[in-house]
Amino acid sequence: MRLVVNQPVEEMEQPYRRRWWALLVLCLSLLIIVMANTALTVAAPDMTKDLGLSSSDLQWVIDGYTVPYAALMLLLGAIGDKYSRRGALVLGLVVFGAGSVAGSLVDSSAGVIAARAVMGVGAAMIMPATLSLLAATFPRAERAKAIVLWTATAGLAIAAGPLVAGALLESHGWASTFLINVPVAVLALVGTFVLIPPSKAAHHGRIDYVGGLLSVVWVAALVYMIIQGPHFGWDAPAITAAVVAGVGLVLFVVWELRHPRPVLDVRRFLDRGFAGSNLAVALFFLAVFGAFYFLTQHLQFVLGYNAFETGVRMLPLAGAVFAGSALTGFLTPRLGMKITVTAGMAGGTAALALLARIDADSAYGDLVLPLMILGLAIGLSLSPCTDAIMGAFPESELGVGGAVNDTSLELGGSLGIAILGSVLAGSYSSHLADATAGTKLPADALTTAQDSVGAGYAVAQGIGDQAKQLAGQAAKAGTPEQAAQLKGQAGQLADGARQMADAVGAAFSDAVAHTSLVGAVVLGVGTVLVAVLLPRRPSPAPVAGEAAKGERDQVLTKK
242 MRLVVNQPVE EMEQPYRRRW WALLVLCLSL LIIVMANTAL TVAAPDMTKD LGLSSSDLQW
302 VIDGYTVPYA ALMLLLGAIG DKYSRRGALV LGLVVFGAGS VAGSLVDSSA GVIAARAVMG
362 VGAAMIMPAT LSLLAATFPR AERAKAIVLW TATAGLAIAA GPLVAGALLE SHGWASTFLI
422 NVPVAVLALV GTFVLIPPSK AAHHGRIDYV GGLLSVVWVA ALVYMIIQGP HFGWDAPAIT
482 AAVVAGVGLV LFVVWELRHP RPVLDVRRFL DRGFAGSNLA VALFFLAVFG AFYFLTQHLQ
542 FVLGYNAFET GVRMLPLAGA VFAGSALTGF LTPRLGMKIT VTAGMAGGTA ALALLARIDA
602 DSAYGDLVLP LMILGLAIGL SLSPCTDAIM GAFPESELGV GGAVNDTSLE LGGSLGIAIL
662 GSVLAGSYSS HLADATAGTK LPADALTTAQ DSVGAGYAVA QGIGDQAKQL AGQAAKAGTP
722 EQAAQLKGQA GQLADGARQM ADAVGAAFSD AVAHTSLVGA VVLGVGTVLV AVLLPRRPSP
782 APVAGEAAKG ERDQVLTKK
């Protein structure tokens, strides 16, 4: 047996024997690129202190990964289809690993942002390649099961990122959260050559590079606008990005409609099942990433858990994703995609509605049930949607199909953090102003505390430190009267610090409840739209080119 698999999967007369081992490598590749985002939310406080990051710097450290990741997937997916899907995965892992090494070595905000951008480019190669190789390697009869495991891995990565990062931060610096990617990328790289057969489209014409570049422009501008506008205000860069995104999208659609071999046939979105599946994926990740954004802060700042403890407490979400994924494999063939996906989205809406009950007295136990319901909902809905999206593309466009699914996912996640994050910030600021009304808190201190929950607790701690200093001065006072005066001032400041901390915790808890309610309304409306769009049964006629592949897969499965 050859150490490196060289026979293309398209030339195999029978289904590839080691396809489930190949799936393990694909899932491992998916795991690190999703964890790269979720782990950073836990490492951010240490990174901010060490590098002196401003709020703007920190936002772009996180989102410097997102912009190239979302913008490049469609074009790179098409290139992988034409030349080599396995090659795209290999190159992506190399670029991602190199970016991770660079991120661990730099000592400035610009350096970390640049390293994260390089990682985003690598992720843009990896993500569509994992789905296209999965679809090419597995017979159609087994593809749904494989996608269930792929989806479950994505859910696991969402919760595993904080857990792994928290464990590393117990005894190492934030750079370790970058370096942990390197051995995993190397392992996936070796596994790619040993276990994954090469694959490319049997018949693929010239790549529509103009359409591909237009997709890069409008998606990058849209993601930039989503990040810049809600967080930093609708200034000239945000408005310019909005205009570029709108014009770029119109040009992209017009060009693709007129091109004989478009990088993406936009007419597919006229199909109700395809459009509904993409909408469901985007809405779910809007809800999940938005909820993840504020729940990790609530666990760390309000409930006082450290990074590792926060990761452990997100595990019910990951376990429930696996359970939901297993359940969808049983329910979807019996009830149909429409019922399964709609039920999952309704469950996600219910989970967010339960989170709307959070208040200052809520403990971790109040979060467990919503986390489990949300995880079940993810597993129940996303696998059928991903399978439907991939099934809409012929064999020659599997990389593009994976890119469309993943772009919907990434745009949804970006929108979730931007929209729900903006609602969270506004609600927290308003509630904190109400809670501290009538106090003697200086205006500049209130403004600082309103910036974020972390800044609010920092202000409270600063007041407490002043109380300790006065208490120390009282102990060294020259007269009893002076000592008594200083002790009184120290006591007042200590009470003020406790009141400020209580006000910050209550304001943020109220903001989480308000934001969860907004998220529930958004996902609830989306659930109705998806239910209307999805057909009761999948379209009986596959896209041109898929029929022949489907017949071949059925024959191979029987052998």
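Counting in our numbering, the sequence shown runs from 242 upward without gaps.
We treat Cβ as the ideally placed atom computed from N, Cα and C, and that holds for glycine.
Computed from a prediction, not measured in an experiment: that's the story for all the values here.
Which residues bound the alpha helix (DSSP H) around residue i?
i    : result
E252 : No alpha helix (DSSP H) contains E252, which DSSP labels as neither H nor E.
M586 : M578 to L596
P198 : Outside the shown range of the chain (242 to 800) lies residue 198, about which nothing can therefore be said.
T677 : No alpha helix (DSSP H) contains T677, which DSSP labels as neither H nor E.
T394 : R381 to L410
E497 : A477 to R499
K709 : V694 to A716
F634 : Taken as a continuous stretch (DSSP letters only), F634 belongs to no alpha helix (DSSP H), as it is neither H nor E.
G432 : N422 to L436
T551 : A548 to R554
Q538 : R513 to Q538
F337 : R326 to L346
Given 8 Å as the limit, tell me if residue i has its C-beta closer than that to any heavy atom belonging to the ligand SAH.
i    : result
G333 : In terms of ligand content, the structure shown is empty, and the ligand SAH therefore cannot be addressed.
Enumerate in chain order the residues of its own chain whose CB-to-CB distance from residue i is below 7 Å, with the five nearest sequence positions on each side excluded.
i    : result
K323 : K441, A442, H445 and I448
W415 : A284, D287, M288 and D291
G786 : Unreliable positioning characterises G786 in this predicted model, as indicated by a pLDDT of 38, which lies under 50. The coordinate reading is nonetheless provided below. Cβ within range, chain order: P635, E636 and S637.
R777 : G577 and K579
A701 : A738, M741, A742 and V745
G489 : L455, V458, W459 and A462
R793 : Its pLDDT being 42, under 50, R793 is placed unreliably in this model, and the coordinates cannot settle the point.
L520 : G767, L770, V771 and L774
Consult DSSP for residue i and reduce its assignment to one of helix, strand or coil.
i    : result
M804 : The requested residue 804 is not part of the displayed model; the chain covers only 242 to 800.
H755 : helix
P683 : coil
R258 : coil
H413 : coil
A458 : The amino acid at residue 458 is misidentified as Ala; the sequence shows Val. Helix at V458.
V245 : coil
R777 : coil
Y605 : coil
A358 : helix
K441 : coil
T768 : helix
Going by beta carbon distance, what residues of the same chain come within less than 6 Å of residue i, once the five residues before and after it are set aside?
i    : result
V283 : P403, A406, G407 and A548
Q541 : T551
D628 : A385 and I388
N422 : I273 and S341
L527 : G653, L656 and G657
G470 : A479
With a threshold of 16 other CB atoms inside 10 Å of the CB of residue i, please say whether the residue is buried or exposed.
i    : result
V694 : buried
A788 : Confidence at A788 is low in this model, with a pLDDT of 39, below 50, so its placement is unreliable and no value can be given for it.
A351 : exposed
V769 : exposed
Q248 : exposed
D743 : exposed
T720 : exposed
P781 : Note on P781: pLDDT 44, under 50, position unreliable in the model; the coordinate value appears next. P781 comes out exposed.
V495 : exposed
G632 : buried
H413 : exposed
L244 : exposed
L346 : exposed
S297 : exposed
P309 : buried
Leaving out five residues on either side along the sequence, give the residues of the same chain with a beta carbon under 8 Å from the beta carbon of residue i.
i    : result
K790 : The pLDDT assigned to K790 is 44, lower than 50, so where the model puts this residue is not dependable; a value taken from the coordinates is nonetheless given after this. Taken in chain order, the residues that qualify are R381, P635 and E636.
G570 : A385, K386, V389 and S624
A754 : L596, A597, R598, I599 and D600
At least three beta-carbon pairs within less than 8 Å, the stretch 309 to 321 to the stretch 448 to 466: By the Cβ rule, the stretch 309 to 321 counts as touching the stretch 448 to 466, because three or more pairs are nearer than 8 Å.
The stretch 666 to 677 / the stretch 736 to 755 touching (three or more Cβ pairs under 8 Å): The stretch 666 to 677 makes contact with the stretch 736 to 755, as at least three CB pairs between them are under 8 Å.
Three CB pairs or more closer than 8 Å across the stretch 505 to 519 and the stretch 252 to 262: The stretch 505 to 519 and the stretch 252 to 262 do not touch, with fewer than 3 CB-CB distances between them shorter than 8 Å.
Sufficient close CB pairs (3 or more, under 8 Å) joining the stretch 391 to 398 to the stretch 652 to 664: At 8 Å Cβ cutoff, the stretches do not touch.
At least three beta-carbon pairs within less than 8 Å, the stretch 330 to 346 to the stretch 360 to 371: Flag = yes, the stretch 330 to 346 and the stretch 360 to 371 touch.
Cβ contact check for the stretch 612 to 625 and the stretch 585 to 602: 3 or more pairs under 8 Å: Under the three-pair Cβ rule at 8 Å, the stretch 612 to 625 counts as touching the stretch 585 to 602.
Touch test, the stretch 558 to 566 against the stretch 703 to 717, Cβ-Cβ under 8 Å, three pairs minimum: These segments do not touch.
Any 3 or more C-beta pairs closer than 8 Å across the stretch 351 to 361 and the stretch 296 to 305: Touching, yes.
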